[in-house]
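Student:
Protein chains in written order, with this note's numbering: chain A, 6 to 410; chain B, 2 to 87.
#1: To the nearest angstrom, report how far apart residue 130 of chain A and residue 53 of chain B are at their CA atoms.
#2: Note down, one range per segment and in chain order, each beta strand (DSSP E) of at least 3 residues found wholly within the segment 197-240 of chain A.
#3: Quick one: what's residue 73 of chain B bridged to in DSSP?
#4: Taking Cβ to Cβ, would you say residue 133 of chain A is nearer than 9 Å to residue 51 of chain B?
#5: Buried or exposed for residue 73 of chain A, going by 16 or more other Cβ atoms inside 10 Å?
#6: Is it the case that the Cβ atoms of residue 189 of chain A and residue 103 of chain A are separated by a distance below 9 Å?
#7: What's the C-alpha gap between residue 291 of chain A and residue 283 of chain A?
#8: Relative to chain A, which residues along the segment 26-45 of chain B have a C-beta separation below 8 Å, given in chain order?
#9: From A/119, A/15, A/409, A/91, pick the residue whose C-alpha is nearest to that of residue 153 of chain A; which is it?
#10: Give the interface partners of residue 1 of chain B over in chain A, defined as CB-CB distance under 9 Å, in chain order.
#11: Verify whether the separation of the beta carbon atoms of residue 329 of chain A and residue 298 of chain A is less than 9 Å.
#12: Can you tell me whether residue 156 of chain A is buried or exposed? The criterion is at least 16 other CB atoms within 10 Å of its CB, across all chains shown.
#13: Which of the three DSSP states, helix, strand or coil, is assigned to residue 74 of chain A?
#14: Report the partner residues of residue 156 of chain A according to the DSSP bridge assignment.
#15: Here's a check: name, in chain order, each residue in its chain whose Cβ is nearer than 7 Å to the Cβ of residue 257 of chain A, leaving out the five neighbours to either side.
#16: To which residues does DSSP link residue 407 of chain A through a beta bridge?
#17: Determine, for residue 51 of chain B, whether the minimum Cβ-Cβ distance to residues of chain A falls below 9 Å.
#18: State the CB to CB distance for the pair residue 364 of chain A and residue 376 of chain A, rounded to an integer number of angstroms; the pair is presumed to be in contact (CB under 8 Å).
#19: Going by the CB atoms, is the gap between residue 166 of chain A and residue 336 of chain A shorter than 9 Å?
#20: When you compare only the Cα positions, how much space is there between residue 6 of chain B and residue 222 of chain A?
#21: What are the boundary residues of the beta strand (DSSP E) that residue 395 of chain A is part of?
#22: If I'm right that residue 172 of chain A touches residue 192 of chain A with Cβ under 8 Å, what's the distance once you round it to whole angstroms?
#23: Note down, in chain order, every chain B residue with its Cβ under 8 Å from the Cβ of residue 131 of chain A.
#24: For residue 354 of chain A, is the classification buried or exposed, using 16 other Cβ atoms within 10 angstroms of its Cβ as the cut-off for buried?
#25: Whose C-alpha, out of A/158, A/409, A/199, A/96, is nearest the C-alpha of residue 416 of chain A?
#26: Could you tell me which chain A residues have their CB closer than 8 Å to the CB of residue 48 of chain B, listed as they occur along the chain?
#27: Taking C-beta pairs closer than 7 Å, name the residues in chain B that residue 69 of chain A reaches, listed in chain order.
#28: Considering only DSSP beta bridges, list what residue 188 of chain A is partnered with.
#29: Who are residue 121 of chain A's beta bridge partners in DSSP?
#30: Within the segment 293-380 of chain A, note down every full beta strand (DSSP E) run reaching 3 residues or more, in order along the chain.
#31: At which residues does the alpha helix (DSSP H) containing residue 44 of chain B begin and terminate?
#32: Distance cutoff 9 Å, beta carbons only. Does residue 283 of chain A sit that close to anything in chain B?
#33: Is residue 15 of chain A helix, strand or coil when you go by DSSP?
#34: Residue 69 of chain B to residue 224 of chain A, Cα distance in whole Å?
#35: With a threshold of 16 other CB atoms inside 10 Å of the CB of residue 349 of chain A, please say whether the residue is buried or exposed.
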């Protein structure tokens, strides 16, 4: 029988704060981290969830010159990864065989854009190498591995908005199959003009903080940040005296094979991912206590997603809490899956359902459902699922379980 | 140009151009620019060549010249003055 995979450490840098404690408090209070864009002059009128406070620099084993040049997303990734390892109680020499699995979509694009802007403006007649170093997507995994001294395999996934949900799944897969005794799953992304202008051009951005599942929802709000999770077998965790925060019970990934941005109207791929993950976890739909939805706040996503949930959970969905963490931290793109995995683990570990904020008028198409409006709520949870759907039809569902006490 | 002003300008360029976490005035005139001194690496070296060539309109054609020019702040100031005199 395949060994149980557990999560023993969490880290997060989001618009709600620089660590997991701040994220947990923000989720419980129903705080919304979405506001004015300050990083660059945006072209549209939309808002975003920027990371404002960054914890003091964590450079670990990084040479000072490397630390000085880190892109924002690489710095977010290192901070979250360092917090996850610290809270997992890992000793400095643990990393000999630890794998690093990272999801991201645009890496250090903001700095790359700045290099091009400066060149066009004549401020830098020649390209500055240091401003382009964060461009390759694999740099976050390299920084985490070098900064924390992790010597196992390194993999980078870029499947749009499901990138780090896939990183969590692949990290869990590597641990379950015995490829590595311990894995770090990380998601990271930083706001940049490219993503902002792209989503704006697609008219996918709400001009107000996003309102997932609301009757008046107008689109998503972009976010940024990083989250990290330490995964290992239950036996490995117990042998070193680490407390499992939750178990990763199952996962599945599917494709829509349909359109470059739109989800398949039937949600067939999303349905197959959720059903596949539950089957992998050997959990019947009736055993699920909470759904951390993709919940982007676009008219199409939310409608397709609720349709999928109705088909999987049937009439029981009316009594099954469903919420969108994106209403609080924005859509963190490549980091979204990992941020929402952390939110889901916190829900299981603390018995606190994270809410869907900015939800004032339930869409009449689902006014029978419990979307946990406005503030977090206490509830003992046994099994929770988190789904992420990336542009181009990249669907990933993850199933988490409360850790045995 | 006055040597003191040039020296201050070189230090300011080092700090702002390479985004160093020190104040220009705290860099000693004889501090080695690479190695132990300011903690710069090979990527900083490439950057610094571009920065110095553009700011001071001089040319650092090869590694040998670079090594001599970037030995210290004072060495760089001397190199710039000498190049401009020619």
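We put the beta carbon where it would ideally sit given N, CA and C, even for glycine.
Remember, predicted model here, so these are calculated numbers, not experimental data.
Tutor: Taking the geometry as given:
#1: Residue numbering aside, residue 130 of chain A sits at position 125 when the first chain is read from its first letter. Residue numbering aside, residue 53 of chain B sits at position 52 when the second chain is read from its first letter. Cα atoms of residue 130 of chain A and residue 53 of chain B: separation of roughly 13 Å, rounded to the nearest angstrom.
#2: Listed in chain order, the beta strand (DSSP E) runs fully inside the segment 197-240 of chain A are 230-238, counting runs of at least 3 residues.
#3: By one-based count along the second chain, residue 73 of chain B stands at place 72. Answer by DSSP bridge pairing, in chain order: B/33.
#4: Start at 1 with the first residue of the first chain, and residue 133 of chain A comes out as number 128. Start at 1 with the first residue of the second chain, and residue 51 of chain B comes out as number 50. It is a contact, given that the beta carbons lie within the stated cut-off.
#5: In the first chain, residue 73 of chain A corresponds to position 68, counting from 1. Buried is the call here.
#6: Translated into positions along the first chain, residue 189 of chain A becomes position 184. Translated into positions along the first chain, residue 103 of chain A becomes position 98. Less than 9 Å separates the beta-carbon of residue 189 of chain A from that of residue 103 of chain A.
#7: By one-based count along the first chain, residue 291 of chain A stands at place 286. By one-based count along the first chain, residue 283 of chain A stands at place 278. Each residue's alpha carbon lies about 10 Å from the other.
#8: Within the segment 26-45 of chain B, the qualifying residues are 40, 41, 42, 44, 45.
#9: The count along the first chain starts at 1 and reaches residue 153 of chain A at position 148. Nearest option by C-alpha distance: A/91.
#10: Given that chain B is displayed from residue 2 to residue 87, the structure contains no residue 1 of chain B and the question cannot be resolved.
#11: Position 324 of the first chain, counted from the start, is the residue given in the question as residue 329 of chain A. Position 293 of the first chain, counted from the start, is the residue given in the question as residue 298 of chain A. Taking 9 Å as the cut-off, the Cβ atoms of residue 329 of chain A and residue 298 of chain A count as close.
#12: In the first chain, residue 156 of chain A corresponds to position 151, counting from 1. Classification of residue 156 of chain A: exposed, given that the 10 Å Cβ count is below 16.
#13: Mapped onto the first chain, residue 74 of chain A falls at position 69. It is coil, neither helix nor strand.
#14: Within the first chain, the letter at position 151 stands for residue 156 of chain A. Looking at the DSSP assignment, residue 156 of chain A forms no beta bridge with any residue, so it has no partner.
#15: As a working mapping, residue 257 of chain A is identified with position 252 in the first chain. Excluding residues up to 5 positions away in sequence, 278, 281, 282, 285, 402 lie with their Cβ nearer than 7 Å to the Cβ of residue 257 of chain A in the same chain.
#16: Working through the first chain from its first residue, we reach residue 407 of chain A at position 402. Answer is A/251, bridged to residue 407 of chain A.
#17: For the purposes of this step, residue 51 of chain B is taken as the residue at position 50 of the second chain. Any Cβ of chain A closer than 9 Å to the Cβ of residue 51 of chain B would place that residue at the interface, and such an atom is present.
#18: Numbered from its first residue, the first chain carries residue 364 of chain A at position 359. Numbered from its first residue, the first chain carries residue 376 of chain A at position 371. With a contact defined as Cβ atoms closer than 8 Å, residue 364 of chain A and residue 376 of chain A qualify at about 6 Å.
#19: Mapped onto the first chain, residue 336 of chain A falls at position 331. Mapped onto the first chain, residue 166 of chain A falls at position 161. Contact: yes.
#20: Sequence index remark: in the second chain, residue 6 of chain B carries index 5 (1-based). Sequence index remark: in the first chain, residue 222 of chain A carries index 217 (1-based). Spanning the two alpha carbons is a distance of roughly 59 Å.
#21: One-based indexing of the first chain puts residue 395 of chain A at position 390. Per DSSP, residue 395 of chain A belongs to the beta strand (DSSP E) from 388-395.
#22: What you label residue 172 of chain A is simply residue 167 of the first chain in a count that begins at 1. What you label residue 192 of chain A is simply residue 187 of the first chain in a count that begins at 1. That belief holds up - the Cβ atoms of residue 172 of chain A and residue 192 of chain A are roughly 6 Å apart, short of 8 Å.
#23: Against the first chain, residue 131 of chain A aligns to sequence position 126. Residues of chain B with a Cβ closer than 8 Å to the Cβ of residue 131 of chain A are, in chain order, 51, 55.
#24: Translated into positions along the first chain, residue 354 of chain A becomes position 349. Under the 10 Å beta carbon count, residue 354 of chain A is surrounded by 16 or more other beta carbons and is classified as buried.
#25: Summary: the structure shown does not reach residue 416 of chain A, with chain A confined to residues 6 through 410, and so no result is reported for it.
#26: Taking the second chain and counting its residues from 1, the one referred to as residue 48 of chain B is at position 47. Counting only Cβ-Cβ distances below 8 Å, residue 48 of chain B has contacts in chain A at 133, 134, 135, in chain order.
#27: Position 64 of the first chain holds residue 69 of chain A. Contact of residue 69 of chain A with chain B by beta-carbon distance below 7 Å involves 40.
#28: Against the first chain, residue 188 of chain A aligns to sequence position 183. A/104, A/236.
#29: Reading the first chain from its first residue, position 116 is the one you call residue 121 of chain A. None, per the DSSP bridge assignment.
#30: Listed in chain order, the complete beta strand (DSSP E) runs (minimum 3 residues) inside the segment 293-380 of chain A are 295-297.
#31: The sequence position of residue 44 of chain B within the second chain is 43, counting from 1. First-last of the alpha helix (DSSP H) with residue 44 of chain B: 43-57.
#32: Taking the first chain and counting its residues from 1, one reaches residue 283 of chain A at position 278. Answer no: the Cβ-Cβ gap between residue 283 of chain A and chain B never drops below 9 Å.
#33: Start at 1 with the first residue of the first chain, and residue 15 of chain A comes out as number 10. Secondary structure at residue 15 of chain A: strand, using DSSP grouped into helix, strand and coil.
#34: Reading the second chain from its first residue, position 68 is the one you call residue 69 of chain B. Reading the first chain from its first residue, position 219 is the one you call residue 224 of chain A. One C-alpha to the other measures close to 58 Å.
#35: As a position in the first chain, residue 349 of chain A is number 344, starting the count at 1. Flag for residue 349 of chain A reads buried.
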